[in-house]
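Take a look at the structure set out below.
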Amino acid sequence: MVKKMDSFGQVANLTQSIKEEPVWTESNQYAFGNVTQILRNGTAYQYAYDKVDRLTDEVFPDNSKRYSYDQRGNRAAMDGKVANTNGTTTYTFDERNRLRSITNEGTGNAESYTYFGDGLRATKAAKGTETKYVYLNGKVIEELDESGNVKARNVWGNELLFRKGYVTKQNGYYGYNSHGDVVSISNEEGKDVNLYEYDAWGNIVTKTEGMENPFKYSGEIYDEASGFYYLRARYYDPKVGRFISEDTYKGQVDNPLSLNRYTYVENNPLRYKDPTGHWKDGDEYIQGSTRDTIALWTDVWEEANKAGNKQRMQFAETEADNARTAYWSNLGASIAKDLELRPTAVLFAGTTATMPRSGSGSVSGGAIGWAAVAATILTIATQDTSTSTTTYNYNGQTLIFRDGSGTNTNLTPRPVDTTGLSYFLAPVFNKYTFTSIDAVNATGVLKAVIDNPATGHVSVFATNPAHHKAWITSRPDAESNPYYLTIVLKSISIKGR
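Numbering (this note's numbering), first residue to last: 48 to 544.
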């Protein structure tokens with residue numbers, strides 16, 4: 048799949064090819080973070096919104112839909128054709144804004160839900176059958192019938208690995224694409240029994256199912272009757288690429304896309320996922336146990352918010368932020384370790400300099416992965432000065448140097464740094480930090496580009512343009528509340544002097 052992004056990092060164009068032949072194309076238009084038109088294989092889909100970013104109308108070539116909302120901003124009703132049926136679909140929510148039931152008056156299909164005290168879904172009832180859920184670290188490990196008998200058991204690593212069906216007597220191993228979507232399930236003989244294809248927003252385009260499976264797009268639970276994905280805090284509707292209720296997280300003033308409280312993953316579903324239903328910048332990249340920790344503290348924050356306990360809310364947010372900081376710091380350490388950078392002393396103009404990590408004191412290689420490069424990195428002992436075109440390499444990596452003391456503020460772009468933080472291929476002043484282009488690009492969230500070879504200038508910027516803008520506006524609070532990009536950049540930086 049080939050994708051092109053707009054200046055806000057949103058999906059602008061997609062092309063899916065088989066054997067280099069396009070099989071479908073899609074282009075998207077946006078206004079203030081809302082999708083206003085999707086042109087899919089030549090067919091136009093139009094969308095309209097109210098003044099608070101709620102989807103009000105969809106217009107397709109052969110039908111249309113209209114939505115209304117309750118006083119709390121939850122979707123209350125939808126009129127039009129849904130899954131090839133006419134009628135009104137009614138949603139009910141409890142006092143905590145949790146979806147409790149869905150009823151389609153045209154088909155008579157209905158589902159109802161209950162929840163545990165921590166907010167996770169406890170049961171789902173549909174067509175006279177109830178499913179009870181058992182969780183471990185926010186993940187469903189067992190599904191029970193109304194009598195408590197095990198219907199299915201799930202085995203997890205970072206994602207779902209294996210599912211055993213006790214009623215169906217069917218077992219399967221899960222296969223994923225790079226986005227984390229379930230694309231195949233194979234049996235013990237290695238034969239594919241389930242196959243899936245999705246569009247960019249999670250709608251199932253084609254499927255072959257030989258065994259029962261609720262886990263689909265982004266590896267999340269798909270409710271067949273409603274057509275929604277259950278994302279813990281909220282339900283996501285892939286048909287419109289939006290959540291059906293608003294986010295209790297108010298967003299960030301410096302990121303206009305996050306202020307729209309209905310959008311799913313800032314309208315960039317190919318890059319991001321939202322496992323909790325609400326998140327902060329950078330959470331979309333986080334995987335594994337840290338993601339579960341953030342989801343846990345998000346639930347604690349929700350409960351405290353409902354109870355009006357501001358102290359508990361602050362505590363939960365702090366704990367979630369601590370998990371984020373640890374994740375990004377450890378990411379830098381692991382990148383440095385993979386790049387085989389070793390702690391040692393470095394020769395600068397004949398002087399041996401100790402190289403502590405930026406912002407730290409003495410160095411421990413095991414604690415931070417790498418703190419200094421080998422003495423052979425910079426062979427400056429025989430020269431008194433370096434020029435702007437001097438390039439320093441180590442293990443094939445190109446080192447880059449940032450003037451300044453290496454504080455959080457120094458490693459956060461200014462308002463004028465719209466194209467990125469300025470680095471150089473050689474030290475310019477006495478105080479500087481350095482890293483390598485390879486380390487920066489290995490983060491996946493930052494990119495380093497030599498944009499002026501004549502002067503040796505290098506720009507380091509966020510891979511998501513919207514996050515780069517947010518990074519700039521975070522500078523005044525960088526010391527006390529650093530943006531996640533500052534944290535990861537600092538974790539791969541070394542203080543030169």
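Glycine included, C-beta positions come from ideal geometry on N, C-alpha and C. If you're wondering where the values come from, they're calculated on a predicted model, not measured in any experiment.
Near Gly413, which residues of its chain fall below 7 angstroms by C-beta distance, leaving aside the five closest residues on each side in sequence?
As a working note, residue 413 is residue 366 in the sequence shown. Caution is warranted here: a pLDDT of 28 is assigned to Gly413, below 50, making its placement in the model unreliable, and the coordinate value is therefore given only provisionally. No residues qualify anywhere along the chain.
Do the CB positions of Ile291 and Tyr138 come within less than 9 angstroms of each other?
Here residue 291 refers to the residue found at position 244 of the sequence shown. Here residue 138 refers to the residue found at position 91 of the sequence shown. Their beta carbons are under 9 angstroms apart, which means Ile291 touches Tyr138 by this criterion.
Could you say which of Ser540, Phe79, Ile232 and Phe275 lies nearest to Leu584 if we only look at CA atoms?
The requested residue 584 is not part of the displayed model; the chain covers only 48 to 544.
Over the uninterrupted alpha helix (DSSP H) stretch that includes Val240, give me the two end residues.
Walking along the sequence shown from the start, residue 240 turns up at place 193. Per DSSP, Val240 belongs to no alpha helix (DSSP H); it is in the beta strand (DSSP E), Asp239 to Tyr245.
Where Ser265 sits in the DSSP three-state scheme
The residue given as residue 265 occupies position 218 in the sequence shown. Three-state DSSP puts Ser265 in a helix.
Within the chosen definition, does the stretch 263 to 274 reach the stretch 151 to 169 through at least 3 CB pairs nearer than 8 angstroms?
yes
Using only the alpha-carbon positions, how far apart do Tyr49 and Thr176 sit?
Counted from its first residue, the sequence shown places residue 49 at position 2. Counted from its first residue, the sequence shown places residue 176 at position 129. Before going further, note that residue 49 is Val rather than Tyr in the sequence given. Approximately 42 angstroms between the Cα atoms of the pair.
To the nearest angstrom, how far is it from the Cα of Trp344 to the Cα of Gly166?
Taking the sequence shown and counting its residues from 1, the one referred to as residue 344 is at position 297. Taking the sequence shown and counting its residues from 1, the one referred to as residue 166 is at position 119. In a straight line, the C-alpha of Trp344 is about 11 angstroms away from that of Gly166.
Count the other C-beta atoms from every protein chain shown that fall within 10 angstroms of the C-beta of Phe79, then say buried if there are 16 or more, exposed otherwise.
As a working note, residue 79 is residue 32 in the sequence shown. Phe79 is exposed by the Cβ-count criterion.
So, is Gln57 buried or exposed, given that buried needs 16 or more other C-beta atoms within 10 angstroms?
Translated into the one-based positions of the sequence shown, residue 57 becomes position 10. So Gln57 ends up on the buried side.
So, at 6 angstroms on beta carbons, what are the nonlocal neighbours of Arg318 in its own chain, with the 5 sequence-adjacent residues on each side left out?
As a position in the sequence shown, residue 318 is number 271, starting the count at 1. For Arg318, the predicted model reports a pLDDT of 41, less than 50, meaning its position is unreliable; a value from the coordinates is still stated below. Contacts found: none.
Length of the line joining the Cα atoms of Tyr182 and Val202:
The residue you call residue 182 lines up with position 135 of the sequence shown. The residue you call residue 202 lines up with position 155 of the sequence shown. When rounded, the distance between both Cα atoms is 11 angstroms.
Considering only C-alpha positions, which residue in the set Leu86, Gly164, Val82 and Ala59 is nearest to Leu102?
In the sequence shown, residue 102 corresponds to position 55, counting from 1. When each option's Cα is compared against that of Leu102, the closest is Val82.
Can you look up Leu565 in the DSSP assignment and give me helix, strand or coil?
Here the chain comprises residues numbered 48 to 544, so residue 565 is not present and cannot be evaluated.
Less than 9 angstroms between the beta carbons of Leu536 and Val487, yes or no?
Residue mapping note: residue 536 aligns to position 489 of the sequence shown, counting from 1. Residue mapping note: residue 487 aligns to position 440 of the sequence shown, counting from 1. Yes. Within cutoff.
Using only the alpha-carbon positions, how far apart do Ala342 and Gly185 sit?
Position 295 of the sequence shown, counted from the start, is the residue given in the question as residue 342. Position 138 of the sequence shown, counted from the start, is the residue given in the question as residue 185. In this model, Ala342 and Gly185 are separated by some 8 angstroms (Cα to Cα).
Can the beta-carbon of Ser506 be found less than 9 angstroms from the beta-carbon of Gly467?
Position 459 of the sequence shown holds residue 506. Position 420 of the sequence shown holds residue 467. In this structure, Gly467 lies closer than 9 angstroms to Ser506 by Cβ.
CB of Thr510 within 9 angstroms of CB of Val492, strictly:
Here residue 510 refers to the residue found at position 463 when the sequence shown is read from its first residue. Here residue 492 refers to the residue found at position 445 when the sequence shown is read from its first residue. Taking 9 angstroms as the Cβ cut-off, Thr510 and Val492 qualify as a contacting pair.
Residue interval of the beta strand (DSSP E) (run including Val507):
For the purposes of this step, residue 507 is taken as residue 460 along the sequence shown, with counting starting at 1. Start and end: His504 to Ala509.
Inspect the beta-carbon positions of Gly212 and Met258 and report whether they are closer than 9 angstroms.
Here residue 212 corresponds to residue number 165 of the sequence shown, with the count starting at 1. Here residue 258 corresponds to residue number 211 of the sequence shown, with the count starting at 1. Yes. Within cutoff.
Mark Ala208 as exposed unless 16 or more other C-beta atoms lie within 10 angstroms of its C-beta, in which case mark it buried.
Residue mapping note: residue 208 aligns to position 161 of the sequence shown, counting from 1. It should be noted that the sequence gives Leu, not Ala, for residue 208. Looking at its Cβ environment, which holds fewer than 16 other Cβ atoms inside 10 Å, Leu208 is exposed.
Would you mind working out which of Ala354, Ala380, Asp328 and Thr502 sits nearest Ala367, comparing C-alpha positions?
For this step, residue 367 is matched to residue 320 along the sequence shown. Answer by Cα proximity: Asp328.
On a CA-only basis, which of Thr456, Thr465, Gly453 and Ile333 is nearest Gly227? Give me that one, please.
Sequence index remark: in the sequence shown, residue 227 carries index 180 (1-based). Measuring from the Cα of Gly227, the nearest candidate turns out to be Ile333.
Would you list the one or two residues that DSSP bridges to Phe290?
The residue you call residue 290 lines up with position 243 of the sequence shown. Beta-bridge analysis with DSSP links Phe290 to Tyr283.
Does Glu267 pass the burial test, meaning 16 or more other C-beta atoms within 10 Å, or should it be called exposed?
The residue you call residue 267 lines up with position 220 of the sequence shown. Buried.
Specify the secondary structure class of Asn248 as computed by DSSP and reduced to three states.
Within the sequence shown, numbered from 1, the residue matching residue 248 stands at position 201. Inspection of the sequence shows that residue 248 is occupied by Trp rather than by Asn. Under the three-state reduction of DSSP output, Trp248 falls in the coil class, being neither helix nor strand.
Would Pro108 be called buried (16 or more neighbouring beta carbons within 10 Å of its own) or exposed?
One-based indexing of the sequence shown puts residue 108 at position 61. Under this definition Pro108 is an exposed residue.
Ser231 beta carbon less than 9 angstroms from that of Asn241
Within the sequence shown, numbered from 1, the residue matching residue 241 stands at position 194. Within the sequence shown, numbered from 1, the residue matching residue 231 stands at position 184. Yes, they are a contact pair.
Does Asn369 come out as helix, strand or coil in the three-state DSSP assignment?
On the sequence shown, residue 369 is found 322 positions in, with the first residue counted as 1. Correct three-state label for Asn369: helix.
What is the rounded straight-line gap between the Cα of Ala169 and the Cα of Arg145?
Translated into the one-based positions of the sequence shown, residue 169 becomes position 122. Translated into the one-based positions of the sequence shown, residue 145 becomes position 98. A direct Cα-to-Cα measurement between Ala169 and Arg145 gives close to 12 angstroms.
Comparing alpha-carbon positions, which option in Asn205, Lys171, Ile534 and Glu206 lies nearest Leu191?
Position 144 of the sequence shown, counted from the first residue, corresponds to residue 191. It is Lys171.
Could you round the C-beta distance between Asp485 and Gln444 to whole angstroms and report it? I think they count as a contact, below 8 angstroms.
Working through the sequence shown from its first residue, we reach residue 485 at position 438. Working through the sequence shown from its first residue, we reach residue 444 at position 397. Contact between Asp485 and Gln444 holds, with the beta-carbon distance rounding to 4 angstroms and staying under 8 angstroms.
Residue of Ala59, Leu458 and Gln93 minimising C-alpha distance to Ile33:
Any property of residue 33 remains undetermined from this structure, which presents the chain solely from 48 to 544.
Exposed or buried, which one is Arg210 when buried takes at least 16 other CB atoms within 10 Å?
Indexing the sequence shown from 1 puts residue 210 at position 163. Arg210 comes out buried.
Just confirm the distance between the C-beta atoms of Trp348 and Glu364, as a whole number of angstroms; I'd bet it's less than 8 angstroms.
To locate residue 348, count along the sequence shown from 1; it is residue 301. To locate residue 364, count along the sequence shown from 1; it is residue 317. Their Cβ separation, rounded to whole angstroms, is 6 angstroms, which keeps Trp348 and Glu364 in contact under 8 angstroms.
By Cβ distance below 7 angstroms, which residues in the same chain neighbour Pro261 in space, the five residues on each side in sequence not counted?
Position 214 of the sequence shown, counting from 1, holds the residue named residue 261. Within the same chain, Pro261 has close Cβ partners Ile268 and Tyr269.
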